[in-house]
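In this note's numbering, the protein residues as written are 877 to 1189. The C-beta atom is built at its ideal place from N, Cα and C for all residues, glycine as well. Please read the structure below before turning to the comments.
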């Protein structure tokens, strides 16, 4: 299997270089590493070119957010690097040396090959990171739970872009992340779409460190970014095929509880209320554009992206 890592970077030069060092130290060597630089202004791209000349560096002229970066990077890994498996992560993700080996071992041990595997994500203190806490698949069958346990994993319905190993064959069938999500819920929508009719696993033996500024969840104090939480969740429920009809009520109820909790705990409720209104309006009025159309609106060359989308219909 040809395994290619994809790292999306934006203005975290030192952490990006640390991430690349950790990728180079994997006990199971990678076949290629792709870095998508989202128009960083701190010299990230030049630092990568100098320190890691073997890295396949994709420079974007505009910040496309995590969603756009992963859409571009995964497509590039499959089309240009001929990846069978794509291992994605943010630039502040530092994988331990055996992280990839553990994912591949679990994949090989699984009675039914999973389409997505996710790592255990910890903060710098070694405790589980609440931003990337895996959630068990609520309606997993007994056999799926048993098979996951036999491979040292847990059956999940979605996964995080902070260390997600993806089967390229599944992406060729069900498509890339939706670039216009920009940030938030892009990994949930993408992984839930891939896993709607496939298996996914969380692998505790594969450990990565997510070096965020604080050990906190995204809903602790989202500020202006709450707009993306609301708009993208509405896009998920209205326009995505990620969830089946019987799953939607479960996730709608969970989302409503999350929004209420965010509002109650926010020190700036006025911002939460304002961004909720604007996110609701945009989430209801329109749907996300195809990746090729959206990236073209940003002035980005997306010829290969368009061909990829045509393949998926």
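Beta-carbon separation of residue 1159 and residue 1110 under 8 Å?
-> yes
Per-residue DSSP class, three states only, for residue 877 = coil
Where the beta strand (DSSP E) through residue 914 begins and ends | 908–914
How is the alpha helix (DSSP H) around residue 1050 delimited, first residue to last?
-> 1044–1050
Extent of the continuous alpha helix (DSSP H) run through residue 1125 = 1124–1141
Sequence-distant residues of the same chain with beta carbon closer than 6 Å to residue 1063, five excluded per side | 1036 and 1037
So is the beta-carbon of residue 882 under 7 Å away from any non-hydrogen atom of the ligand COA?
-> The ligand COA is absent from the structure shown, which contains no ligands of any kind.
For residue 877, count neighbouring C-beta atoms within 10 Å of its own C-beta (all shown protein chains included) and say buried if the count is 16 or more, exposed if not.
-> exposed
Residue 936 and residue 913: beta carbons closer than 8 Å?
-> yes
Return the CA-CA distance between residue 1178 and residue 1125, expressed in angstroms with no decimal places.
-> 36 Å
Applying the criterion that 16 or more other CB atoms from any shown protein chain within 10 Å of the CB defines a buried residue, is residue 1075 buried or exposed?
-> buried
Cα-Cα separation, residue 890 to residue 998 | 19 Å
Straight-line Cα distance separating residue 1058 from residue 918 | 20 Å
For residue 968, three-class secondary structure by DSSP | coil
Does the Cβ of residue 1141 have 16 or more other Cβ atoms within 10 Å, making it buried, or fewer, making it exposed?
-> exposed
Check whether the Cβ atoms of residue 996 and residue 989 sit closer than 8 Å, and answer yes or no.
-> no
Express the C-alpha separation of residue 1088 and residue 1164 in angstroms, rounding to a whole number.
-> 28 Å
Determine the extent of the alpha helix (DSSP H) in which residue 1107 is found, giving its start and end residues.
-> 1102–1115
If we count Cβ pairs, one from each stretch, closer than 8 Å, do we get three or more for the stretch 917–932 versus the stretch 1001–1010?
-> no
Which same chain residues, not among the five before or five after residue 1069, have their C-beta less than 8 Å away from its C-beta?
-> 1050, 1051, 1116, 1117 and 1118
Close-in-space but distant-in-sequence residues of the same chain around residue 1170 (CB under 6 Å, 5 per side omitted) | 1055 and 1056
Give me the Cβ distance between residue 1080 and residue 1066, rounded to the nearest whole Å; I'm assuming they're in contact under 8 Å.
-> Residue 1080 to residue 1066, Cβ: 22 Å. No contact.
Just how far apart, CA to CA, sit residue 1091 and residue 1009?
-> 12 Å
Nonlocal neighbours in the same chain, by C-beta distance under 7 Å from residue 894, ignoring five residues either side = 970
Residue ranges of each beta strand (DSSP E) run of no fewer than 3 residues wholly in the stretch 879–954, ordered along the chain?
-> 879–885, 908–914 and 932–936
Does DSSP classify residue 1158 as helix, strand or coil?
-> helix
Grab the span of the beta strand (DSSP E) containing residue 995 for me, first residue to last.
-> 992–998
Other residues of its chain near residue 934: CB distance less than 8 Å, five sequence neighbours each side excluded | 910, 911, 912, 913, 948, 949 and 952
Report yes if the C-beta distance between residue 882 and residue 962 is below 8 Å; otherwise report no.
-> yes
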